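Heads up: the structure comes next, in structure tokens.
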Amino acid sequence: HVLSQSIKARASDVHIEPYQDSFKVRYRVDGILYDLLSPPKWIQPALTSRIKVMAKLNIAEKRLPQDGRFEVKIGSQLIDVRVSTLPTTFGERVVMRLLNKSGSVFELSEIGLSTKQLQMLRQLVTSPNGIILVTGPTGSGKSTTLYSVLSSINTPDINIITIEDPVEYQLKGISQIQVNAKIDLTFARGLRSIVRQDPDVILIGEIRDRETSEIAVQSALTGHLVFSTLHTNDAPSAITRLVDIGVEPFLITSSLLAVIAQRLVRVLCEHCKEPYKPDMTLQTLGLRPDRLGRYTFYRPKGCDKCFQTGYRGRIGIYEIMLMDNQLKSLVQRTYDAHQIKQEAIKQGLVTLRRDGIEKVLKGITSIEEVIRVTQQ
Numbered sequence: 104h105v106l107s108q109s110i111k112a113r114a115s116d117v118h119i120e121p122y123q124d125s126f127k128v129r130y131r132v133d134g135i136l137y138d139l140l141s142p143p144k145w146i147q148p149a150l151t152s153r154i155k156v157m158a159k160l161n162i163a164e165k166r167l168p169q170d171g172r173f174e175v176k177i178g179s180q181l182i183d184v185r186v187s188t189l190p191t192t193f194g195e196r197v198v199m200r201l202l203n204k205s206g207s208v209f210e211l212s213e214i215g216l217s218t219k220q221l222q223m224l225r226q227l228v229t230s231p232n233g234i235i236l237v238t239g240p241t242g243s244g245k246s247t248t249l250y251s252v253l254s255s256i257n258t259p260d261i262n263i264i265t266i267e268d269p270v271e272y273q274l275k276g277i278s279q280i281q282v283n284a285k286i287d288l289t290f291a292r293g294l295r296s297i298v299r300q301d302p303d304v305i306l307i308g309e310i311r312d313r314e315t316s317e318i319a320v321q322s323a324l325t326g327h328l329v330f331s332t333l334h335t336n337d338a339p340s341a342i343t344r345l346v347d348i349g350v351e352p353f354l355i356t357s358s359l360l361a362v363i364a365q366r367l368v369r370v371l372c373e374h375c376k377e378p379y380k381p382d383m384t385l386q387t388l389g390l391r392p393d394r395l396g397r398y399t400f401y402r403p404k405g406c407d408k409c410f411q412t413g414y415r416g417r418i419g420i421y422e423i424m425l426m427d428n429q430l431k432s433l434v435q436r437t438y439d440a441h442q443i444k445q446e447a448i449k450q451g452l453v454t455l456r457r458d459g460i461e462k463v464l465k466g467i468t469s470i471e472e473v474i475r476v477t478q479q
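Quick note on my numbering: the sequence shown kicks off at 104 and runs consecutively.
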């Protein structure tokens, strides 16, 4: 019942949280947590045990965290459920991450890129070699972007191999490897083997350490197109992060093609969004007063279709920084993110916030959403 309600609400995660004399079921929809139920406390052990049985976990073990997974069919949808348990003072806390296997289509033109950004990206992915990084916090849509990119270049004449932690979706015609720390199959170890498998394109789930970054750079310099992710706030900071990890600046400039930073904003519900006249915040966002009259601004209202949230679904906002000659020579001298950003803007970089504002002007999202996910 909990699962079917969560799927109906398009939830990505379900939390089961025990407290002293109650327990709570919450779910995350479009990145925001909502209360779903507060059933009586006595149901909690039975519910937790049921989930642990389904995920093939040790039911008797309540003192240690456990991880597992199971598949469930709800209606016509096949859902992959990742389960994580955590012992707390009032019982086991369970989080289920829901991945809808039947509803996942990865189409580059659908993820929120502007026409210009789409052209830039399509051009980039035809490069024979180099590194393209996608960066952003956890849950900002990086995997979806990368899967969409791989789907767009997945033709019979290209050998694509990925190493991921975890493999979130199976992609047809692509060899995917799951990292497994228990048997020491790390990113670095898997990568060394991938390079011997005659790949054209390599996806590394995440660059976490110096060893992985060195093999990634080496692969890019020896004729492979490499995709990976980092956790940084914007595109220019990715360079600072690589230097911090231990990559030499001259290796960055010779291998890095571009950095794509991204966030997810909630899309206003088409059924109930309402037009309004915004206050001065717009000018603080860098919109000239004379431009304001030309656009209709919308805010969330809430209806049955969107479960009274005012939003339905999410879309990406992007910042694509191409490594042109000016930036390359700057990175040889400094890897200060602020200076790199100023130079990139001079070269035409559209920042995350700027891209977000464009989506506000098109009536796709609200000003509050853009301010919430972008920091200046």
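Ideal Cβ positions, reconstructed from N, Cα and C, are used throughout, including at glycine. These numbers come from a predicted model, not from an experiment.
- Which residues in the same chain have their Cβ closer than 6 angstroms to the Cβ of Thr-151, if we skip the five residues on either side of it in sequence? Glu-195 and Val-197
- Just to confirm, does Cys-406 get its C-beta within under 6 angstroms of one of the non-hydrogen atoms of the ligand SAM? Only the bare structure without any ligand can be found here, which leaves the ligand SAM out of the picture.
- Item | As assigned by DSSP and simplified to three states, the class of Asp-337 | coil
- Message: Just to confirm, is the Cβ distance from Arg-313 to Ile-348 under 7 angstroms?
- Response: yes
- Query: DSSP on Gln-450, reduced to helix/strand/coil?
  - Reply: coil
- Query: Mapping DSSP to helix, strand and coil, what is Ile-264?
  - Reply: strand
- For Val-298, which residues of its own chain have a beta-carbon under 7 angstroms away from its beta-carbon, when the five flanking residues on both sides are left out? Annotation for Val-298: Ser-322 place their beta carbon closer than 7 angstroms to its own, counting only its chain and skipping 5 residues before and after.
- Inside the region 225 to 250 only - beta strand (DSSP E) runs reaching at least 3 residues: 233 to 238
- Message: Any contact between the region 417 to 432 and the region 365 to 375? By contact I mean 3 or more CB pairs, one from each, below 8 angstroms.
- Response: Contact holds: three or more Cβ-Cβ distances are below 8 angstroms.
- Alpha-carbon to alpha-carbon, Gln-411 and Thr-289: 44 angstroms
- Message: Given this structure, state the Cα-to-Cα distance separating Ile-119 from Val-282, to the nearest angstrom.
- Response: Val-282 has its alpha-carbon roughly 27 angstroms from the corresponding atom of Ile-119.
- Message: Check for me: the beta strand (DSSP E) holding Thr-477 runs from which residue to which?
- Response: Run containing Thr-477: none; DSSP gives neither H nor E here.
- Item | Backbone CA spacing between Ile-156 and Gly-242 [nearest angstrom] | Position check: residue 156 holds Val in this sequence, whereas Ile was assumed. Answer to the nearest angstrom: the Cα atoms are 28 angstroms apart.
- Message: Quick check on Gln-478: buried or exposed, where buried means 16 or more other Cβ atoms within 10 Å of its Cβ?
- Response: exposed
- Message: So for Gln-365, helix, strand or coil by DSSP?
- Response: strand
- Query: In three-state DSSP terms, what is Asn-428?
  - Reply: For Asn-428, the three-state secondary structure derived from DSSP is helix.
- Query: DSSP on Thr-315, reduced to helix/strand/coil?
  - Reply: helix
- Message: Output needed for Ser-246: all residues of its chain with C-beta closer than 7 angstroms, excluding positions within five of it in sequence on either side, in chain order.
- Response: Glu-271
- Query: At what residues does the beta strand (DSSP E) containing Thr-191 begin and finish?
  - Reply: 180 to 191
- With burial defined as no fewer than 16 other Cβ atoms inside 10 Å of the residue's Cβ, what is the status of Asp-301: buried or exposed? exposed
- Cβ neighbours of Tyr-438 in the same chain (closer than 7 angstroms, five flanking residues each side left out): In chain order, Ile-342, Thr-343, Val-346 and Pro-352 place their CB closer than 7 angstroms to the CB of Tyr-438, counting only its own chain and leaving out the 5 sequence neighbours on each side.
- One or two residues paired with His-118 in a DSSP bridge: Arg-129 and Val-198
- Task: For the alpha helix (DSSP H) containing Phe-209, list its first residue and its last residue.
- Result: Element bounds for Phe-209: n/a, residue is neither H nor E.
- Message: Output needed for Pro-240: all residues of its chain with C-beta closer than 7 angstroms, excluding positions within five of it in sequence on either side, in chain order.
- Response: His-334
- Message: Taking only three categories from DSSP, how would you classify Pro-302?
- Response: coil
- Query: What residue does the beta strand (DSSP E) around Ile-162 start on, and which one ends it?
  - Reply: Segment: none, Ile-162 is in no beta strand (DSSP E) and carries neither H nor E.
- Give the single residue among Glu-210, Thr-258, Arg-394 and Lys-285 whose Cα lies nearest to the Cα of Asp-268. Lys-285
- Evaluate contact between the region 250 to 257 and the region 223 to 239, counting only Cβ atoms and requiring at least three cross-stretch pairs below 8 angstroms. yes
- Less than 8 angstroms between the CB atoms is what I'm expecting for Val-304 and Leu-274, so what's the real figure, rounded? That belief does not hold up - the Cβ atoms of Val-304 and Leu-274 are roughly 12 angstroms apart, past 8 angstroms.
- Message: When you compare the CB positions of Lys-408 and His-374, do they come within less than 7 angstroms of one another, or not?
- Response: The answer is yes: Cβ separation under 7 angstroms.
- Closest by C-alpha distance to Gly-396, when choosing among Ala-338, Asp-382 and Gly-308: Asp-382
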